[in-house]
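Q: Quick note on the numbering used here: the sequence shown kicks off at 100 and runs consecutively. Every residue, glycine too, gets a C-beta built ideally from N, C-alpha and C. Please find one structure pasted underneath; my questions will follow.
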Amino acid sequence: MHQGELLGLKWSDIDLNKGIIHVRRQVLRQNGKVVEAPLKTKNSYRNIAIGADTVKVLKGMEQKDECVFPSPFGGPMSPDSVLHMLQRVLKRAGLERIRFHDLRHTFSVLALQNGVDVKTLSSMLDHYSAAFTLDTYAHVTTSMQKQAANAVGSFLSGTLQP
100 MHQGELLGLK WSDIDLNKGI IHVRRQVLRQ NGKVVEAPLK TKNSYRNIAI GADTVKVLKG
160 MEQKDECVFP SPFGGPMSPD SVLHMLQRVL KRAGLERIRF HDLRHTFSVL ALQNGVDVKT
220 LSSMLDHYSA AFTLDTYAHV TTSMQKQAAN AVGSFLSGTL QP
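As structure tokens, this is what we get:
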């Protein structure tokens with residue numbers, strides 16, 4: 100999900116019994132104010148399945164506000180605050196600075212490397228096509244092709260030996 104979509108999540112958008120997040124809005128800074136806004140395209144309005152671990156974390160969160168990620172004063176958290184928190188966490192961990200958006204790329208690469216098909220990943224990422232996802236992550240799919248070729252080679256050489 101995009102940062103603005105995460106910040107726009109309300110508890111009413113999450114079905115913890117079915118493990119589904121309904122992406123319905125985004126939060127952004129507009130004219131110096133943090134505001135809710137419609138999503139960019141009609142395809143951006145989507146449902147995303149979440150795993151049991153995520154459901155467990157969400158069930159353990161305190162629901163003090165309608166927003167899943169509220170500001171300390173209520174209402175949606177500022178995108179700037181999220182970036183500052185991310186940078187503090189990275190600094191404490193001794194890691195280099197990254198953009199929040201880089202977390203999407205990390206997720207995408209890990210998903211592809213662990214067998215998530217491109218069409219499913221594309222819809223989760225709100226990409227307009229699976230081809231765009233493939234173009235964006237071609238470096239990953241190339242290394243995956245090499246792994247597949249080695250796996251098939253190992254399989255074939257094992258079956259061809261007397």
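1) Please report the distance separating the alpha-carbon of Phe168 from that of His101.
2) Would you be able to state if there are at least three C-beta pairs under 8 Å between the stretch 105–121 and the stretch 153–170?
3) Could you name the residues of the same chain whose beta carbon sits closer than 8 Å to that of Gly150, not counting the 5 residues immediately before and after it, in chain order?
4) How would you label Pro175, buried or exposed, when you count the other beta carbons within 10 angstroms and need 16 or more for buried?
5) Please decide whether Ser180 counts as near chain C, where near means a Cβ-Cβ distance under 7 Å.
6) Is the stretch 198–210 close to the stretch 218–238, with three or more CB pairs under 8 Å?
7) Kindly provide the ranges of any alpha helix (DSSP H) runs that are 4 or more residues long and lie completely inside the stretch 201–228, ordered along the chain.
8) Hey, quick one: how far does the alpha helix (DSSP H) through Leu127 stretch, first residue to last?
9) Assuming contact is defined by CB atoms lying nearer than 7 Å, are Gly107 and Arg128 in contact in what I supplied?
10) Run through the DSSP bridge pairs and tell me what Ala250 is partnered with.
A: This is what the structure holds:
1) Taking the sequence shown and counting its residues from 1, the one referred to as residue 168 is at position 69. Taking the sequence shown and counting its residues from 1, the one referred to as residue 101 is at position 2. Each residue's alpha carbon lies about 14 Å from the other.
2) yes
3) As a working mapping, residue 150 is identified with position 51 in the sequence shown. Result list for Gly150: Gly118, in chain order.
4) By 1-based counting over the sequence shown, the position of residue 175 is 76. With 16 or more other Cβ atoms within 10 Å, it is buried.
5) Within the model displayed, chain C is absent; a lone protein chain is all it includes.
6) yes
7) 217–224
8) Within the sequence shown, numbered from 1, the residue matching residue 127 stands at position 28. Not the alpha helix (DSSP H): Leu127 falls in the beta strand (DSSP E), residues 125–129.
9) Stepping through the sequence shown from its first residue, residue 107 is reached at position 8. Stepping through the sequence shown from its first residue, residue 128 is reached at position 29. No, they are not a contact pair.
10) Counting from one through the sequence shown, the residue named residue 250 turns up at place 151. BP columns for Ala250 are empty, so no partner.
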